[in-house]
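Reading through the structure tokens given below for one structure.
Numbering (the numbering used here), first residue to last: 651 to 752.
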């Protein structure tokens, strides 16, 4: 009888532990963070920063992945991409590809 009670208590304790672990991980990069350099509409305000609006989705994904893996070198982009999941990279690529180019 004690064993099922211990198992139940352990299962109740797991969600807070999992939540703490998830919170300890780096938070995902959002469009707002990308917009700081690339503009909220995917059009950069600085001529040294590439426009992302309307770019090919696969190209954008591959570039973020290259920054993530360190195959493409850029200090700020490596910092931004290193904690991204594949799903986050794909979502950002899809978002910027869907914006109208200028």
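Where is the CB? At the ideal position from N, CA and C, for every residue including glycine. Keep in mind the model is a prediction, meaning the values are calculated, not measured.
Continuous alpha helix (DSSP H) stretch holding residue 724: start and end: No residue range can be given for residue 724, since it is assigned to no alpha helix (DSSP H) and is classified by DSSP as neither H nor E.
Three-state secondary structure (DSSP) of residue 699: The answer is coil: DSSP assigns residue 699 none of H, G, I, E or B.
Own chain, CB closer than 8 Å to residue 749, minus 5 neighbours either side, in chain order: Around residue 749: 691, 692, 702, 703 and 704.
Nearest-angstrom Cα separation, counted from residue 689 out to residue 741: It is roughly 17 Å from the alpha-carbon of residue 741 to the alpha-carbon of residue 689.
Counted within 10 angstroms of its Cβ, other Cβ atoms place residue 718 as buried (16 or more) or exposed: Label assigned to residue 718: buried.
Secondary structure of residue 713, DSSP reduced to three states: Correct three-state label for residue 713: helix.
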